[in-house]
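Listed in order, the protein sequences are those of chains A and B.
First residue of the first sequence: 1, per the working numbering; consecutive thereafter.
First residue of the second sequence: 193, per the working numbering; consecutive thereafter.
No residue lacks a Cβ here, since even glycine has one placed at the ideal position from N, Cα and C.
To keep things clear, I will list the structure first and then write my remarks on it.
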Amino acid sequence: MNEDNLKSLWKNSSQKETISFNQYKIVSEMNDKMIEFEKSIKKRNMREIIAAIVVIIFFSIQTIRYELFLQKLGAGLAVLAAVFIIFKLLHIQNSKKPITLTGSIKEQLQHSKDYLLREQKLLKSVLFWYVLPLMVPLFIITIGSDYPLGIQIAYLVFILGVSIFVYYINHKAAKKLDTQLLELDDAIRGVE
Amino acid sequence: MKERNDIEERYVRILEENKASIQRICGVYAKNAEDKKDLIQDVFFQIWKALPRFEGKSSLATWIYRITLNVCLRSPYQKHSRNKIQLDSVVFDPISDPPKNLEYESLYQCISKLPQVDRSIIILFLEDLPYKEIASIVGISENHVAVKIKRIKTQLFHCLKTYENE
């Protein structure tokens, strides 16, 4: 087989399946998908903010309702933690660079690597920006309550268990990205 | 309004003229038939998104190849953030009596075995793009492209020969 045979074999390889489209329908469908796409981004950002606002409102009310000092302090810290998490999430969303699919392959691979590295860093640091800021206030609220010691210990074990679980699944997800990062490094080396 | 109509007409023309190349490229990077359909539809959507910003700095064909390859290459790394694009207006029809050619299968198998970037380079070569255009799409020098193509071709012919002998 020579080079020309190879090219002709390649070019004829798409003849196993045909793609057809309705030219009027596809344009209106693309317009709909664009609107849907923009809506989904707005919705995702809103969902995270709404969840944090619910936490803020809940613990703000608790700050007033609680009578004991440590519980008031814990609820106040939970409000601050929720505000901190909102800012962190908004900062992450705003710092994401738009994907440049019209750029070169080299740029695209570097972009994918940067994206995965950012995701990995975020997952690995979840202890500091998500787990601890929520776990500490909940610990303080529990310790500061007038519940019997047994119930307090049960609550503390539960909070600790959930925190360890959240930390563990995030670290596991971060580790999974190692293989993809290695693949990307290989691919980037291929264009250097 | 007229500008909008121009873009819409242009878009339909682009898809009509390039759907076969898009189909071939996605076939190399897809894991299975369903994945191939997803990739093709994603490419169609990305072309629509980017078309109003096309400035004509490169040829339209080069621009389409860039988008297609970039969509295929980023796909394994965007699992969480990629929205699947399902288009009702696009129909995939298998040909009832496709040409039975083991050489097609061997060619796809051999290309799929190559490293990601080498795969893109040989695809662009098989699509008959000049070295200059391949260099601009990949982001390396023309000389580098020439060296790589020579090496990849040797690998590809060797692989195809192995399949022929089997």
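- With respect to L207/B, E29/A sits apart: the two C-beta atoms are not nearer than 8 angstroms.
- Taking a Cβ-Cβ threshold of 8 angstroms, none of the residues of chain B is close to E48/A; the smallest such distance is about 14 angstroms.
- For the set V282/B, E209/B, E201/B, G219/B, the Cα lying nearest the Cα of E297/B is the one of G219/B.
- Shown here for D234/B: same chain residues with a beta carbon closer than 7 angstroms to its own, the five before and five after excluded, namely V263, I277 in chain order.
- T100/A carries a coil assignment under DSSP once its states are collapsed to helix, strand and coil.
- Under DSSP, D285/B shares a beta bridge with T18/A.
- Here N210/B is buried. Its C-beta has 16 or more other C-beta atoms within 10 Å.
- Listed by position along chain A, the residues whose Cβ is nearer than 7 angstroms to that of A212/B are S14.
- At a cut-off of 8 angstroms between beta carbons, V339/B makes no contact with chain A.
- Non-local C-beta neighbours of K340/B in its own chain, meaning closer than 6 angstroms and more than five positions away in sequence, comprise I313, ordered along the chain.
- Contact annotation: in the region 165-184 of chain A, residues whose CB is within less than 8 angstroms of a CB in chain B are Q180, E183, L184.
- Non-local beta-carbon contacts of H111/A in its own chain, meaning distances under 8 angstroms to residues more than five positions away in sequence, involve K97, I99, T100, G103 in chain order.
- Annotation for Q278/B: no alpha helix (DSSP H) segment contains it, and DSSP assigns it neither H nor E.
- The C-alpha of R311/B lies about 11 angstroms from the C-alpha of Q301/B.
- Nearest to S125/A by C-alpha distance, out of L149/A, A173/A, I61/A, L6/A, is A173/A.
- A distance below 8 angstroms separates the beta carbons of K106/A and V330/B.
- Going by beta carbons, V309/B and I26/A fall outside the 8 angstroms limit.
- About 5 angstroms separates the beta carbons of I141/A and Q71/A, which is inside the 8 angstroms limit, making them a contact pair.
- Note on geometry: alpha-carbon atoms of A51/A and L265/B lie some 34 angstroms from one another.
- A residue is called buried once 16 or more other Cβ atoms fall within 10 Å of its Cβ, and V191/A is buried on that count.
- Residues of chain B with a Cβ closer than 7 angstroms to the Cβ of T63/A do not exist, since the nearest Cβ in that chain sits about 36 angstroms away.
- G331/B has a beta carbon lying within less than 8 angstroms of a beta carbon in chain A.
- Close to A242/B, with beta-carbon spacing below 7 angstroms, are these residues of chain A in chain order: L101, T102.
- Under the three-state reduction of DSSP, Y130/A is assigned to helix.
- Rounded to whole angstroms, the Cβ separation of V79/A and S60/A is 6 angstroms, and the two are in contact under 8 angstroms.
- Ranked by Cα distance from A253/B, the options L348/B, T346/B, E325/B, K345/B are led by E325/B.
- Contact annotation: S14/A and A222/B have beta-carbon atoms that are not nearer than 8 angstroms.
- Contact between Y203/B and L231/B does not hold, since the beta-carbon distance rounds to 18 angstroms and is not under 8 angstroms.
- For I85/A, the closest alpha carbon among the candidates Q62/A, L127/A, Q120/A, R65/A is that of L127/A.
- Between the region 34-51 of chain A and the region 112-119 of chain A there are fewer than three inter-stretch CB-CB distances shorter than 8 angstroms, so the stretches are not counted as touching.
- Among the CB atoms of chain B, none fall inside 8 angstroms of the CB of Y130/A.
- Rounded to the nearest angstrom, the gap between the Cα atoms of K88/A and K228/B is 37 angstroms.
- For F349/B, the uninterrupted alpha helix (DSSP H) segment begins and ends at 334-357.
- Rounded to whole angstroms, the separation of the alpha carbons of S333/B and I188/A is 15 angstroms.
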